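J.:
In my numbering, the protein residues as written are 52 to 558.
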């Protein structure tokens with residue numbers, strides 16, 4: 052077991068490793084598009100794209116990106132939206148933003164030429180120790196280490212290093228060891244050979260020791276520990292979140308379009324576009340408890356005590372769960388944005404894992420209020436359990452239920468008629484429980500009536516007055532788009548897939 056952070060090794064083992072590995076690489080390596088040039092900009096772009104992403108995934112994105120942004124200047128001067136759109140599908144979008152910010156630094160500080168200077172390259176936005184080493188060694192043939200997960204695995208096995216590679220001190224020691232292995236004048240090829248060996252032969256599971264060019268001196272293999280190394284502390288699993296998403300179809304002048312919104316300027320997926328969605332559960336607990344009373348639904352087998360399903364479940368929710376989801380979607384969207392969102396039908400469940408979060412998004416086809424109207428409804432009324440036991444018509448329940456009123460929760464003292472917050476179907480026989488109404492085989496929950504349907508006088512009731520200019524006003528960052536805007540706006544993979552599937556079916 053070796054704990055010296057300098058990792059001194061026998062000269063013979065080091066010499067064999069460097070000589071045999073370089074010969075193996077030079078005899079035949081993968082024909083990758085970024086290897087056709089030593090241009091530092093192209094090396095830089097490829098290395099950023101390859102972070103946390105498979106080579107075969109990167110290739111088409113790299114080619115399209117370089118076709119659109121062939122120079123540092125082209126990237127620096129491009130609109131961010133254009134850069135993100137060309138990156139769409141690769142994920143980890145902060146990489147694209149940092150790459151463009153770095154390109155602007157190169158334009159401002161170095162006249163558009165990536166400098167042949169280690170400290171200058173290290174100072175570029177988004178360039179860490181690995182990327183710095185890759186650029187300096189591959190583009191400029193400088194003896195700089197380029198240590199990533201592949202390299203740490205290869206060197207941990209070959210030299211039987213049993214320190215935890217998740218620790219910064221271990222990485223520092225391996226970087227020093229890697230520098231000592233670089234053959235004079237062959238820094239670029241050697242570093243790429245190390246990466247190649249880790250990607251193709253010395254893989255995380257089932258390493259191909261019999262085809263390894265350095266197997267004869269591999270201390271880990273000789274000790275029978277090739278499957279145990281490297282030692283790495285398991286990362287904390289991403290926090291599970293269940294979210295409710297709304298694919299809101301436009302009506303009237305917005306027919307054929309859907310409502311999307313732009314994320315904030317900072318944080319996760321900054322400034323990208325998405326479908327409206329709300330957080331329902333986090334770590335198995337409700338993210339936000341509604342004020343007032345809410346009917347409780349007993350959990351079915353395989354379903355959490357709340358109305359959300361376990362993350363990872365792909366089964367279509369039953370009607371009871373859909374009703375609960377629709378109530379919460381309406382309540383939470385109203386609280387966050389003032390929009391009244393009425394779920395109309397189930398679409399799908401989609402999952403996506405970020406480095407620290409795992410999203411399960413239950414997506415519903417929805418409308419704004421009724422006929423595209425935007426309503427300002429007091430939250431206390433929208434979330435009250437009593438609001439869901441009204442009759443399907445203008446009056447009382449199907450089985451004798453009587454219309455009632457709900458306190459607005461404000462200072463005016465006026466009430467809202469429950470009939471204006473009906474669930475479209477009335478009560479189940481003798482039960483007093485809300486029942487789902489059928490519209491074309493689907494369901495309508497939490498329906499909000501338009502002004503023409505509210506009140507006998509033809510105007511809106513006092514508690515359900517539409518916002519001024521409601522048909523046109525949207526919260527900041529929201530807009531209606533058609534399929535043609537999908538070519539212009541950058542969406543995270545999760546929402547791009549949902550929307551593309553929707554447009555494909557619409558065609």
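Virtual Cβ for every residue (Gly too), placed ideally from N, Cα, C. Bear in mind that the values here come from a model prediction, so they are computed numbers and not experimental data.
The beta strand (DSSP E) with residue 331 in it runs from where to where?
T.: Start and end: 328 to 333.
J.: Name the DSSP beta bridge partners of residue 392, please?
T.: The partner list for residue 392 (beta bridge, DSSP) reads 419.
J.: Between which two residues does the alpha helix (DSSP H) carrying residue 77 extend?
T.: Looking at the DSSP string, the run of the alpha helix (DSSP H) that includes residue 77 is 62 to 78.
J.: Whose C-beta lies closer than 8 Å to the C-beta of residue 156 among residues of the same chain, with five residues either side of it excluded?
T.: So the list reads 174, 175, 176, once near-sequence residues are dropped.
J.: Take residue 67 and list the residues in its own chain whose beta-carbon comes closer than 6 Å to its own, dropping the five residues that flank it on each side.
T.: Answer for residue 67: 268, listed in chain order.
J.: From residue 323 to residue 227, what does the alpha carbon distance come to, in whole angstroms?
T.: C-alpha separation (whole angstroms): 40 Å.
J.: Three-state secondary structure (DSSP) at residue 408?
T.: Strand at residue 408.
J.: For residue 316, collect the residues of the same chain with a Cβ closer than 8 Å to its Cβ; drop the 5 residues on either side in sequence, then sort them by chain order.
T.: Contacts found: 322.
J.: Quick check on DSSP: helix, strand or coil for residue 353?
T.: Only weak support is given to the placement of residue 353: the predicted model assigns it a pLDDT of 33, under 50, and the value that follows is read from those uncertain coordinates. In this structure, residue 353 counts as coil in the three-state DSSP scheme.
J.: In the DSSP assignment, find the unbroken beta strand (DSSP E) run with residue 99 in it and report its ends.
T.: That residue, residue 99, is in no beta strand (DSSP E); its alpha helix (DSSP H) goes 91 to 101.
J.: Assign residue 379 to buried or exposed, taking buried as 16 or more other Cβ atoms, counted over all protein chains shown, within 10 Å of its Cβ.
T.: When all chains shown are included, residue 379 counts as buried.
J.: Alpha carbon to alpha carbon, how far is residue 543 from residue 492? Give it in angstroms, no decimals.
T.: The predicted model places residue 492 with a pLDDT of 34, which falls under 50 and marks its position as unreliable, so this point remains unresolved.
J.: With respect to the alpha helix (DSSP H) encompassing residue 157, which residues constitute its N-terminal and C-terminal limits?
T.: Per DSSP, residue 157 belongs to the alpha helix (DSSP H) from 145 to 161.
J.: Determine which residues share a DSSP beta bridge with residue 309 and list them.
T.: Paired residues: 300, 532.
J.: Leaving out five residues before and five after residue 131 in sequence, what residues of the same chain have Cβ atoms less than 8 Å from its Cβ?
T.: The residues are 148, 151, 322.
J.: Go through the region 190 to 272 residue by residue and report every complete run of the beta strand (DSSP E) that reaches 3 residues or more, in order.
T.: Complete beta strand (DSSP E) runs here, min 3: none at all.
J.: Leaving out the 5 sequence neighbours to the left and right, which residues in its chain are closer than 8 Å to residue 526 when beta-carbon positions are compared?
T.: Excluding residues within five positions, the ones whose Cβ falls inside 8 Å are 312, 388, 389, 390.
J.: So, residue 295 versus residue 252, is the Cβ gap smaller than 7 Å?
T.: No. Outside cutoff.
J.: Tell me, please, which residues DSSP counts as bridged to residue 548.
T.: Its beta-bridge partners do not exist; DSSP assigns none.
J.: Residues in its own chain within less than 7 Å of residue 139 by CB, not counting five upstream and five downstream?
T.: Hits under 7 Å: 541, 542, 547.
J.: Could you give the distance in angstroms between the alpha-carbon of residue 205 and the alpha-carbon of residue 407?
T.: In a straight line, the C-alpha of residue 205 is about 27 Å away from that of residue 407.
J.: Please report how far the alpha carbon of residue 244 lies from the alpha carbon of residue 166, in whole angstroms.
T.: The alpha-carbon atoms of residue 244 and residue 166 are separated by roughly 24 Å.
J.: Out of 553, 183, 101, 72, state which residue places its alpha-carbon closest to the alpha-carbon of residue 193.
T.: Closest by alpha carbon: 183.
J.: Between 383, 80, 310, which lies nearest to residue 331 when the distance is taken from Cα to Cα?
T.: Comparing Cα-Cα distances from residue 331 to each of 383, 80, 310, the minimum goes to 383.
J.: Rank 213, 238, 221 by C-alpha distance to the C-alpha of residue 278 and give the top, closest one.
T.: Among 213, 238, 221, the Cα nearest to that of residue 278 is on 213.
J.: With a threshold of 16 other CB atoms inside 10 Å of the CB of residue 73, please say whether the residue is buried or exposed.
T.: Residue 73 comes out buried.
J.: Identify every residue that forms a DSSP beta bridge with residue 290.
T.: Per DSSP, 408.
J.: Rounded to the nearest angstrom, what separates residue 284 and residue 405 at their Cα positions?
T.: Cα-Cα distance, rounded: 19 Å.
J.: Less than 6 Å between C-beta atoms, sequence neighbours within five positions excluded: which residues of the same chain meet that for residue 528?
T.: Once the five neighbours on either side are set aside, the close Cβ partners of residue 528 are 312, 313.
J.: Compute every distance between the C-beta of residue 275 and the non-hydrogen atoms of the ligand PLP, then say whether any falls below 6 Å.
T.: You won't find the ligand PLP in this model; it holds no ligand whatsoever.
J.: Alpha carbons only, please: which of 536, 413, 304 is nearest the one belonging to residue 369?
T.: If we check each option's Cα against that of residue 369, 413 comes out closest.
J.: Just the C-alpha distance for residue 518 and residue 420, rounded to the nearest angstrom, thanks.
T.: At residue 518, the pLDDT of 39 sits below 50, so the modelled position is not reliable and the matter cannot be decided from this model.
J.: Judging by CA-CA distance, which residue of 260, 286, 291, 195 is the nearest neighbour of residue 276?
T.: For residue 276, the nearest C-alpha among the options comes from 260.
J.: How long is the line joining the alpha carbons of residue 225 and residue 280, rounded to whole angstroms?
T.: Those two C-alpha atoms are separated by around 14 Å.
J.: Please classify residue 159 as buried or exposed, where buried requires at least 16 neighbouring CB atoms within 10 angstroms.
T.: Under this definition residue 159 is an exposed residue.
J.: Could you tell me which whole alpha helix (DSSP H) segments of length 4 or greater appear in the region 100 to 146?
T.: Those alpha helix (DSSP H) runs which fall completely within the region 100 to 146 and span 4+ residues are 106 to 119, 123 to 128, 131 to 138.
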